[in-house]
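Numbering (mature numbering (1 follows the signal peptide of the UniProt record, and there is no 0)), first residue to last: -31 to -1, 1 to 498.
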């Protein structure tokens, strides 16, 4: 018995404690004074209590530990092409798993609703300062809130600060590369809650070029008269003309909000144009190309807005208080201090020469990837249709309709061969539930050391997966028809036929090749070991 307790076998130890407790109860029931069992019980409880809190994860919860190890192995042997994902640094992970998560700190630095926030305030102020430095902003002209928990809520907080309920908002349509949080709705349903709180109206791409139709945007804005225009995307591979959007916003008296969630790392490294010169408010997530923890920031203008032409007096911006109040107490309680601290670390890293070199490689790799996929076969390419004809940033959007397949089927086959991608709507799609495109990006694998030639090889892997999908789709339809299925060509029928791909020799072979190849590239925490 004492061996079990002395050696911290918790399960057996707890059973023994219950036995001791039972014996003590019997002694007490007979009117005897507490004896050895009570003393031992107190001693054992005092001995085991620290173990519950100090044990590492492997010993404290083997089930969760096993899940984490499996996920590490998956990340190690998967090609990650999801453009909104990345591998953060060991230092950021250290900060995320730190004591900073223990503290409640409703409010802002110097004005908290709890005591004991001296170092929490220090961390948040450092994070704010680094955020401004990273994007080359002057403290007299810009402020930043680093408390939003993620990107979509950050957009809601910003909208709520700038607009009243049912004010008008314009954002890029979701099937044309926009984001849900820009107010997506269909003719029959308000998909995003943003479209319930505000009146939203989309602008779109020119479907012939795959580029934002700024002329049509201006015409629509003149008719719709929005109070806010969102300049931001989630599946658009070209640069945004912020100057043009500023002109349109000014013409209709609207705020211009730039959502740079996908491209903030590229902006920080100054390898693509910045929205800060033209936008009134800028929002961003922090875990995509910026390569930090999963959080968000809202930047807002401060200081002199303009000189009144009549009175010659300075008119000041009034965004700081509405935005800060919208975040807390308007929508959030206590901030996630471990995330803010980790973000401060990531922002320091984003100011380094190495980070700029990384972002330059992200662009180089994306162009090589798009070229291999999109060039005609007589020019050495694979002949796919690339929306907009190429890329200026970190992602490539492929229209698979000419191949006779959709993004959902190809995404699943890619997953089975060890490639993480993202089905996505493309211009001309009839339904967001059956998207005709595939969205892929270069940030994550560039972090792991992929070069342009590696992304040429990735393009070939994608092409092999598409070919497999075409063959299996035909077989799945035939099998479904033989069973008398009502919708033999449905995605559901295809996925049921495909299963885990265990009987498909081509899938097994390609997965083996991918795992062996990508496993030779280290993960950030392996490099630092």
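For glycine and all other residues, C-beta sits at the position ideal for the given N, C-alpha and C.
Please work out which residues of its chain come closer than 8 Å, Cβ to Cβ, to residue i, disregarding the five sequence neighbours upstream and downstream, and give them in chain order.
i           : result
residue 491 : 417 and 418
residue 159 : 165
residue 488 : 45 and 46
residue 398 : 144, 404, 405 and 406
residue 392 : 375, 376, 377, 379, 380, 404, 406, 407 and 408
residue 224 : 131, 196, 197, 198, 218, 249 and 250
residue 99  : 313, 316, 317 and 320
residue 550 : No information on residue 550 is available, as it lies outside the stretch -31 to 498 that the chain covers here.
residue 182 : 172, 173, 174 and 175
residue 498 : Reliability of the predicted coordinates at residue 498 is poor, the pLDDT of 40 falling under 50, and no value is obtained from them.
Measure how close the beta-carbons of residue i and residue j come, nearest whole angstrom, since I'm counting them as under 8 Å.
i           : j           : result
residue 428 : residue 386 : Residue 428 to residue 386, Cβ: 14 Å. No contact.
residue 123 : residue 314 : Actually they do not touch by this definition, with Cβ atoms about 20 Å apart.
residue 274 : residue 284 : 5 Å
residue 366 : residue 204 : 6 Å
residue 148 : residue 201 : 7 Å
residue 128 : residue 296 : 12 Å between Cβ atoms; not a contact.
residue 476 : residue 437 : 6 Å
residue 263 : residue 119 : 6 Å
residue 50  : residue 389 : 6 Å
residue 361 : residue 206 : 7 Å
residue 364 : residue 410 : 4 Å
residue 357 : residue 84  : The pair is not a contact, with the Cβ atoms about 54 Å apart (cut-off 8 Å).
residue 92  : residue 309 : 6 Å
residue 142 : residue 172 : 7 Å
residue 52  : residue 231 : 7 Å
Taking the DSSP output, what are the residues bridged to residue i?
i           : result
residue 112 : 269
residue 410 : 364
residue 139 : 170 and 198
residue 388 : 48
residue 81  : 76
residue 354 : 368
residue 175 : 180
In the DSSP assignment, find the unbroken beta strand (DSSP E) run with residue i in it and report its ends.
i           : result
residue 392 : 391 to 393
residue 238 : Counting along the chain, residue 238 falls outside any beta strand (DSSP E), and DSSP gives it neither H nor E.
residue 25  : From DSSP, residue 25 is part of no beta strand (DSSP E); its letter is neither H nor E.
residue 227 : 224 to 228
Please go through the same chain and pick out, in chain order, the residues whose beta-carbon is closer than 6 Å to the beta-carbon of residue i, but skip the five residues on each side of it.
i           : result
residue 60  : 314
residue 169 : 138 and 152
residue 277 : 284
residue 470 : 385 and 476
residue 161 : 149, 152 and 153
residue 330 : 415
residue 359 : 339
residue 69  : 306, 307 and 310
Considering residue i, what are the terminal residues of the alpha helix (DSSP H) in which it resides?
i           : result
residue 33  : 31 to 46
residue 218 : 211 to 221
residue 128 : 120 to 131
residue 63  : 59 to 65
residue 182 : Neither: residue 182 is in no alpha helix (DSSP H) and is coded neither H nor E.
residue 100 : 87 to 103
Quick one: residues in its chain with C-beta nearer than 7 Å to the C-beta of residue i, no 5 flanking neighbours on either side, listed in chain order?
i           : result
residue 333 : 421
residue 304 : 74 and 116
residue 352 : 345 and 346
residue 221 : 190, 191, 194 and 195
residue 101 : 108, 111 and 113
residue 456 : 462
residue 140 : 147, 151, 152, 169, 171 and 199
residue 237 : 103, 104, 259 and 319
residue 94  : 78
residue 41  : none
residue 286 : 270, 271, 272 and 274
State yes or no: is the beta carbon of residue i nearer than 7 Å to at least one beta carbon in chain C?
i           : result
residue 369 : Of the chains in the structure shown, none is chain C; there is only one protein chain.
Whole runs of the beta strand (DSSP E) within the stretch 250 to 330, excluding any shorter than 3 residues: 250 to 254, 265 to 270, 273 to 276 and 283 to 285
Please go through the stretch 435 to 476 and give each complete alpha helix (DSSP H) segment of 4 or more residues, from N-terminal end onward. 460 to 467
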